[in-house]
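Worksheet for the structure shown next.
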Amino acid sequence: YLSCKYIIFNDINEKKLNLKKIELSKNDKLRLEKGNIHEKNYLKELKKKYKKVIDIKNSDLSKEEKISKTIQAMKEGWEVIHGGYLKRDKWRGEFDFLIINKNLKSKFGDYSYEVIDTKNSNKPKPDHIIQLGMYTYMLEGTQGVLPKKFTIVLKDLVREDVQVNQVNEFFKTHRENYEKFASNGIDKTKPEKCSFCQICSWQEECEKIWIKKDNLNQIGGLTKVHLKKLLELKIDTATKLSKQVSTKILKGFRKEISHKLITQAKLRKEYEKTNVPVYQSNPNNLNGIKGFNLLPEPSACDLYFDIESVEDHVYPGGLEYLFGIYYFENDKEKFKPLWAHNKKEEKKNIIEFFEFTKSHFKKYPSSKIYHYGSYEITALLKLTSFHKVKGIEYDHYLNLDKFVNLLNVNTQGLFISENSYSLKNVEKFYDFKREGDVQKGDVSQEYYSEWIETQDQKFLDEIESYNKQDCRSTYELHKWLLKIKPSDTSWFIPQKKDSEMELRDWEVDMMKYQDKVKKSKIKDPKIKQLMFDIIGFYTRENKPDWREFFERRTRSDEELIDDPECIGNMKSNGKPTPDKKSLIYSYKFEDQDFKLRKSKKTVIANNQDIEQKDYAGKIIDIDYKKKEVLLKRGTSQGILPAILSIGPNKPIPNTKLISNTYKFIDTLIGKENKYKALNDFLDKKHPRIKGIKTGDKIISSNEFHKEIPKIISNLDNSYLYIQGPPGTGKTHQAANAIIELLKQNNKIAITGLSHKVIHNLLQRIEDMTSEKQFEFEGYKKGNLEDEDTVFNGEYIKTYGKDSVFMDALKE
Ligand code: SF4
Numbered sequence: 001y002l003s004c005k006y007i008i009f010n011d012i013n014e015k016k017l018n019l020k021k022i023e024l025s026k027n028d029k030l031r032l033e034k035g036n037i038h039e040k041n042y043l044k045e046l047k048k049k050y051k052k053v054i055d056i057k058n059s060d061l062s063k064e065e066k067i068s069k070t071i072q073a074m075k076e077g078w079e080v081i082h083g084g085y086l087k088r089d090k091w092r093g094e095f096d097f098l099i100i101n102k103n104l105k106s107k108f109g110d111y112s113y114e115v116i117d118t119k120n121s122n123k124p125k126p127d128h129i130i131q132l133g134m135y136t137y138m139l140e141g142t143q144g145v146l147p148k149k150f151t152i153v154l155k156d157l158v159r160e161d162v163q164v165n166q167v168n169e170f171f172k173t174h175r176e177n178y179e180k181f182a183s184n185g186i187d188k189t190k191p192e193k194c195s196f197c198q199i200c201s202w203q204e205e206c207e208k209i210w211i212k213k214d215n216l217n218q219i220g221g222l223t224k225v226h227l228k229k230l231l232e233l234k235i236d237t238a239t240k241l242s243k244q245v246s247t248k249i250l251k252g253f254r255k256e257i258s259h260k261l262i263t264q265a266k267l268r269k270e271y272e273k274t275n276v277p278v279y280q281s282n283p284n285n286l287n288g289i290k291g292f293n294l295l296p297e298p299s300a301c302d303l304y305f306d307i308e309s310v311e312d313h314v315y316p317g318g319l320e321y322l323f324g325i326y327y328f329e330n331d332k333e334k335f336k337p338l339w340a341h342n343k344k345e346e347k348k349n350i351i352e353f354f355e356f357t358k359s360h361f362k363k364y365p366s367s368k369i370y371h372y373g374s375y376e377i378t379a380l381l382k383l384t385s386f387h388k389v390k391g392i393e394y395d396h397y398l399n400l401d402k403f404v405n406l407l408n409v410n411t412q413g414l415f416i417s418e419n420s421y422s423l424k425n426v427e428k429f430y431d432f433k434r435e436g437d438v439q440k441g442d443v444s445q446e447y448y449s450e451w452i453e454t455q456d457q458k459f460l461d462e463i464e465s466y467n468k469q470d471c472r473s474t475y476e477l478h479k480w481l482l483k484i485k486p487s488d489t490s491w492f493i494p495q496k497k498d499s500e501m502e503l504r505d506w507e508v509d510m511m512k513y514q515d516k517v518k519k520s521k522i523k524d525p526k527i528k529q530l531m532f533d534i535i536g537f538y539t540r541e542n543k544p545d546w547r548e549f550f551e552r553r554t555r556s557d558e559e560l561i562d563d564p565e566c567i568g569n570m571k572s573n574g575k576p577t578p579d580k581k582s583l584i585y586s587y588k589f590e591d592q593d594f595k596l597r598k599s600k601k602t603v604i605a606n607n608q609d610i611e612q613k614d615y616a617g618k619i620i621d622i623d624y625k626k627k628e629v630l631l632k633r634g635t636s637q638g639i640l641p642a643i644l645s646i647g648p649n650k651p652i653p654n655t656k657l658i659s660n661t662y663k664f665i666d667t668l669i670g671k672e673n674k675y676k677a678l679n680d681f682l683d684k685k686h687p688r689i690k691g692i693k694t695g696d697k698i699i700s701s702n703e704f705h706k707e708i709p710k711i712i713s714n715l716d717n718s719y720l721y722i723q724g725p726p727g728t729g730k731t732h733q734a735a736n737a738i739i740e741l742l743k744q745n746n747k748i749a750i751t752g753l754s755h756k757v758i759h760n761l762l763q764r765i766e767d768m769t770s771e772k773q774f775e776f777e778g779y780k781k782g783n784l785e786d787e788d789t790v791f792n793g794e795y796i797k798t799y800g801k802d803s804v805f806m807d808a809l810k811e
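For the sequence shown, position 159 matches number 159 in full-length UniProt numbering, and the numbering has no gaps at all.
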């Protein structure tokens with residue numbers, strides 16, 4: 001219902017209207033199977049912990065009988081009820097687990113129940129919360145009391161507790177809306193294309209309706225925002241749109257977008273009449289680094305690249321199991337498949353991919369790697385980071401513009417009669433014929449699952465043939481694009497040449513330290529490996545942000561509306577007003593989700609104008625009602641354009657963390673044993689605590705608020721590791737320990753992975769300090785111009801300069 005209301009219509013009318021669901025694929029079945037195994041594993045865990053476990057799921061009872069049995073089991077006080085069934089009003093549902101809570105009474109006695117549900121995913125999703133909220137609602141109806149929390153058991157049996165009072169209002173609104181919808185809204189719904197359609201089993205039924213009803217979504221490149229605006233203009237069919245004059249600017253649209261949509265609608269209608277696919281080059285993108293101008297001059301031996309992968313439910317952690325490289329050398333067709341059936345082989349493939357391409361570029365310096373869509377680049381980034389190999393080479397390829405994404409050329413350079421720019425759709429233009437069973441990427445995943453089960457080589461052969469066809473299709477597409485390239489477009493010229501791509505200082509340092517560690521006499525191989533791997537960690541961490549930063553430069557203002565990191569396609573409200581040495585700009589934005597907030601420094605997300613500075617100014621206000629943003633930018637920076645898309649500033653290099661990592665590695669190699677606590681921590685040695693024999697129990701009672709501060713003050717240049725799931729009081733204990741240690745005149749340093757985490761702890765310390773009637777002075781490091789990094793309480797204040805902290809430490 002939340003993803004698409006029409007699913008409910010289809011579900012209810014399945015028999016009446018003889019609707020056909022797409023059959024579950026092997027892949028879907030596998031996913032469901034993995035989910036069931038996950039549930040069974042958790043049941044085993046619960047059986048180890050609890051004695052009274054009742055299994056209702058695997059009984060032959062009817063739903064009504066299951067409801068009675070569940071209530072009976074609750075009355076009898078079973079500790080765990082597996083597969084119970086409950087109802088409330090018109091709602092009913094099957095629960096993975098109901099678990100006893102002896103701290104909350106219910107109408108059954110001195111106990112009540114809570115809901116636990118197993119989800120074979122890495123993190124909880126909104127629909128999990130809604131589902132469990134629904135269960136909790138039914139449970140409240142049965143036991144007469146609302147549970148305080150519910151639990152989602154994720155992959156690897158990681159538990160995520162959700163406090164019911166934090167989500168209850170959200171859930172209640174959705175429940176009430178659904179009830180209204182179910183009583184009188186179902187027949188009024190219409191199918192609307194959304195992200196869920198790709199995995200929805202009603203896809204074929206909806207597609208039939210869209211074609212029959214001449215839906216606007218049959219026009220390639222049409223987004224949800226476009227659709228909304230067109231419906232406001234009462235243009236509700238592709239035919240109506242196609243009847244508009246191409247030069248007309250539709251109200252609320254930019255000239256280029258208006259032109260694109262009307263032209264695509266005309267092309268679509270032409271195609272429907274003749275069944276011959278038609279295209280036109282986009283006259284609005286003949287200049288700038290867009291469309292056909294993204295194509296570099298072809299080289300003697302370009303490479304065409306495609307990756308096949310499987311998701312986590314097929315191979316733990318996912319696997320990029322086939323790299324295909326296709327090219328022509330001396331007029332001879334060549335295809336290089338690199339197979340990996342495990343993580344070790346995947347790492348080998350990454351190394352081989354870069355070594356092969358590097359030697360290829362030596363022979364053919366101007367050749368490029370062509371691919372379709374951003375998957376290949378993202379996967380390479382993920383793999384170089386995960387396996388910690390070839391990261392420098394990957395960066396260099398990006399800097400040298402070695403990768404060419406032909407999808408960008410298509411979407412920006414061409415108007416097409418197809419309803420999508422996918423490779424399979426675009427193939428119609430260059431008449432590419434596919435062979436074999438595997439025609440779609442997700443089928444190749446299924447074939448790979450089949451191979452895992454059967455080890456039958458025929459499945460791998462099919463996949464390899466499919467991959468080769470994808471590479472070959474990219475090659476044919478490139479050839480076709482070169483043929484139709486408008487004469488008034490230019491060739492893309494990479495800004496950097498191979499010869500200029502020397503190692504940068506930080507890369508030299510990285511390689512120097514990797515070499516140092518390799519040759520060092522660090523005895524423990526695990527620590528040696530850890531040190532080797534940690535080199536480059538902070539650079540790797542920043543890479544996805546850098547990539548997004550550069551990706552955005554090729555996006556249009558319209559496309560940036562869909563990027564939650566940006567505010568896209570804003571329109572100036574008129575001349576900026578002067579404010580001392582700055583100018584204040586006011587922009588209006590359209591409906592969109594964005595994360596940027598007041599006080600953030602921003603850049604022009606898609607700046608391609610070399611005269612224009614990247615920096616777009618600091619957000620000094622956002623009026624969400626009027627949909628207006630105020631930006632402050634120095635006068636010396638020039639004038640901002642009338643149409644503007646802003647995005648987050650460049651990632652901040654972690655230079656201090658990097659140099660401190662090197663410093664630590666030096667002490668480790670030099671056997672200085674300077675950072676004893678850290679060494680012990682890495683060695684997984686027991687903490688050294690005065691008065692406690694190594695290996696003995698550390699805590700002697702459950703009075704944590706006394707025990708923890710006592711142990712910390714007795715630490716002998718060592719560490720203490722405190723672990724607990726969410727909600728068990730780690731922040732509370734940390735705040736308490738800090739105050740107790742401050743009372744003993746200690747200085748406490750706090751570090752964390754985000755300002756948010758630190759602020760949370762600081763607030764707890766502030767609250768507790770007032771309760772404990774104690775005073776102290778605290779310093780928080782932050783950027784005073786960025787309110788997300790600032791914390792100012794009664795005792796703790798934020799400072800920007802390092803010297804304040806150094807002086808405080810000297811005191
Ligand atoms: S295919 Fe799309 S529109 Fe149709 S029911 Fe499924 S999600 Fe809804």
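All C-beta atoms, glycine included, are put in the ideal place defined by N, C-alpha and C.
Just so you know, these numbers come straight off a predicted model, no measurement behind them.
Given LEU581, which residues of its chain have a CB within under 8 Å of its CB, disregarding the five upstream and five downstream residues? The residue labelled residue 581 in the question sits at position 581 within the sequence shown. As written in the sequence, residue 581 is Lys, which differs from the Leu given in the question. The residues are GLY634, THR635 and SER636.
Within its chain, find whatever has a CB closer than 8 Å to the CB of THR769; leave out the 5 residues flanking it on each side and keep chain order. As a working note, residue 769 is residue 769 in the sequence shown. Taken in chain order, the residues that qualify are ILE739, GLU775, PHE776, GLU794 and TYR795.
For VAL153 and ILE129, the rounded distance between their alpha carbons: Your numbering for residue 129 matches position 129 in the sequence shown. Your numbering for residue 153 matches position 153 in the sequence shown. So the two alpha carbons sit approximately 12 Å from each other.
Quick check on ASN285: does DSSP put it in helix, strand or coil? Within the sequence shown, the letter at position 285 stands for residue 285. Residue state for ASN285 is assigned as helix, using DSSP reduced to three classes.
With DSSP as the reference, please indicate the residues paired to GLN733 in a beta bridge. In the sequence shown, counting from the first residue as 1, residue 733 sits at position 733. Looking at the DSSP assignment, GLN733 forms no beta bridge with any residue, so it has no partner.
Distance between LYS363 and TRP506 (C-alpha atoms, nearest Å): Working through the sequence shown from its first residue, we reach residue 506 at position 506. Working through the sequence shown from its first residue, we reach residue 363 at position 363. Going from the Cα of TRP506 to the Cα of LYS363 covers about 28 Å.
Considering LYS332, what are the terminal residues of the beta strand (DSSP E) in which it resides? By one-based count along the sequence shown, residue 332 stands at place 332. LYS332 -> beta strand (DSSP E) spans 332 to 339.
Evaluate the contact criterion for the segment 440 to 455 versus the segment 243 to 261: three or more CB pairs, one atom per stretch, below 8 Å. With a cut-off of 8 Å, the segment 243 to 261 and the segment 440 to 455 do not count as touching, because too few Cβ pairs lie within range.
With a CB to CB cut of under 7 Å and the five nearest residues on each side skipped, what residues in its chain are close to GLU45? As a first step, residue 45 is located in the sequence shown; it is residue number 45 there, counting from the start. So the list reads LEU157, once near-sequence residues are dropped.
At what residues does the alpha helix (DSSP H) containing TYR475 begin and finish? Numbered from 1 along the sequence shown, position 475 holds the residue referred to as residue 475. 457 to 484 is the extent of the alpha helix (DSSP H) around TYR475.
Evaluate GLN143 with the Cβ neighbour count: other Cβ atoms within 10 Å of its Cβ, from every protein chain shown; 16 or more gives buried, anything less gives exposed. Numbered from 1 along the sequence shown, position 143 holds the residue referred to as residue 143. Taking all protein chains shown into account, GLN143 has 16 or more neighbouring C-beta atoms within 10 Å of its C-beta and is therefore buried.
Enumerate, from N- to C-terminal direction, the unbroken beta strand (DSSP E) stretches of 3 or more residues contained entirely within the segment 374 to 441. The segment 374 to 441 contains these whole beta strand (DSSP E) runs: 403 to 405 and 414 to 416.
Using the Cα positions of ARG92 and MET134, report the straight-line distance between them to the nearest angstrom. As a first step, residue 92 must be located in the sequence shown, where it is residue number 92. As a first step, residue 134 must be located in the sequence shown, where it is residue number 134. About 9 Å.
Taking contact to mean at least 3 C-beta pairs separated by less than 8 Å, is the segment 409 to 425 in contact with the segment 389 to 400? Contact between the segment 409 to 425 and the segment 389 to 400 is not established, with fewer than three Cβ pairs separated by less than 8 Å.
Does the distance from the C-beta atom of HIS371 to that of PHE415 stay below 8 Å? Translated into positions along the sequence shown, residue 371 becomes position 371. Translated into positions along the sequence shown, residue 415 becomes position 415. Result no, Cβ atoms of HIS371 and PHE415 do not sit closer than 8 Å.
For the alpha helix (DSSP H) containing ILE527, list its first residue and its last residue. Mapped onto the sequence shown, residue 527 falls at position 527. From DSSP, the alpha helix (DSSP H) with ILE527 extends over 525 to 534.
Can you tell me the Cβ-Cβ gap for LYS601 and SER385, rounded? I've got them flagged as a contact below 8 Å. The residue given as residue 601 occupies position 601 in the sequence shown. The residue given as residue 385 occupies position 385 in the sequence shown. The Cβ separation is near 27 Å, so there is no contact.
Would the beta-carbon of LYS193 be found less than 7 Å away from any heavy atom of the ligand SF4? As a first step, residue 193 must be located in the sequence shown, where it is residue number 193. Yes, the beta carbon of LYS193 sits closer than 7 Å to at least one heavy atom of the ligand SF4.
Is it right to say LEU322 is buried, meaning 16 or more other beta carbons lie within 10 angstroms of its own, or is it exposed? Mapped onto the sequence shown, residue 322 falls at position 322. Residue environment analysis places LEU322 among the buried positions, since at least 16 neighbouring C-beta atoms fall within 10 angstroms of its C-beta.
What number of angstroms, rounded off, separates the C-alpha of SER183 from the C-alpha of ASN177? Numbered from 1 along the sequence shown, position 183 holds the residue referred to as residue 183. Numbered from 1 along the sequence shown, position 177 holds the residue referred to as residue 177. Between SER183 and ASN177, the C-alpha separation is close to 10 Å.
The beta strand (DSSP E) that contains TRP91, what's its start and end? For the purposes of this step, residue 91 is taken as residue 91 along the sequence shown, with counting starting at 1. Where TRP91 is concerned, the enclosing beta strand (DSSP E) stretches over 91 to 94.
So what's VAL245 in DSSP terms, helix, strand or just coil? Locating residue 245 in the sequence shown gives position 245, counting from the first residue. Three-state result, VAL245: coil.
Whole angstroms are fine: how far does the CA of MET74 sit from the CA of PRO124? In the sequence shown, residue 124 corresponds to position 124, counting from 1. In the sequence shown, residue 74 corresponds to position 74, counting from 1. Those two C-alpha atoms are separated by around 27 Å.
Is any heavy atom of the ligand SF4 found at a distance shorter than 7 Å from the C-beta of ILE7? As a first step, residue 7 must be located in the sequence shown, where it is residue number 7. ILE7 Cβ: within cutoff of the ligand SF4.
Pull up the DSSP beta-bridge partners for GLU160, would you. For the purposes of this step, residue 160 is taken as residue 160 along the sequence shown, with counting starting at 1. Answer by DSSP bridge pairing, in chain order: ILE152.
When you compare only the Cα positions, how much space is there between LEU286 and LYS243? For the purposes of this step, residue 286 is taken as the residue at position 286 of the sequence shown. For the purposes of this step, residue 243 is taken as the residue at position 243 of the sequence shown. Distance between the alpha carbons of LEU286 and LYS243 is about 25 Å.
Cβ neighbour criterion (16 or more within 10 Å) applied to GLY568: As a position in the sequence shown, residue 568 is number 568, starting the count at 1. GLY568 is classed as buried because its beta carbon has at least 16 other beta carbons within 10 Å across all chains shown.
C-alpha distance - LEU407 paired with ALA265, whole-angstrom precision: Stepping through the sequence shown from its first residue, residue 407 is reached at position 407. Stepping through the sequence shown from its first residue, residue 265 is reached at position 265. Taking C-alpha positions only, LEU407 is separated from ALA265 by approximately 20 Å.
Please return the same chain residues whose Cβ sits closer than 8 Å to the Cβ of ILE722, not counting the five positions on each side in sequence. On the sequence shown, residue 722 is found 722 positions in, with the first residue counted as 1. Closer than 8 Å at the Cβ level, and outside the excluded window around ILE722, lie ILE708, LYS730, GLN733 and ALA734.
Contact belief for GLU204 with LYS20 at Cβ below 8 Å, rounded distance in angstroms: The sequence position of residue 204 within the sequence shown is 204, counting from 1. The sequence position of residue 20 within the sequence shown is 20, counting from 1. The Cβ separation is near 7 Å, so the contact holds.
Environment of ASP563 [buried if 16+ CB atoms lie within 10 Å]: On the sequence shown, residue 563 is found 563 positions in, with the first residue counted as 1. When all chains shown are included, ASP563 counts as buried.
For the pair the segment 334 to 345 and the segment 57 to 73, tell me if three or more CB-CB distances fall below 8 Å. Result no; under three Cβ-Cβ pairs closer than 8 Å.
Could you tell me which residues DSSP pairs with PRO648 in its beta bridges? Taking the first residue of the sequence shown as position 1, residue 648 is located at position 648. The partner list for PRO648 (beta bridge, DSSP) reads THR602.
Does DSSP put PHE354 in a helix, in a strand, or in coil? As a first step, residue 354 must be located in the sequence shown, where it is residue number 354. Of the three classes helix, strand and coil, the one that applies to PHE354 here is helix, per DSSP.
Name the DSSP beta bridge partners of GLU14, please? For the purposes of this step, residue 14 is taken as the residue at position 14 of the sequence shown. Assignment of beta-bridge partners to GLU14 by DSSP yields no partner.
ASN215: beta carbon under 7 Å from a heavy atom of the ligand SF4? Counting from 1 along the sequence shown, the entry for residue 215 is found at position 215. No - the ligand SF4 has no heavy atom lying nearer than 7 Å to the Cβ of ASN215.
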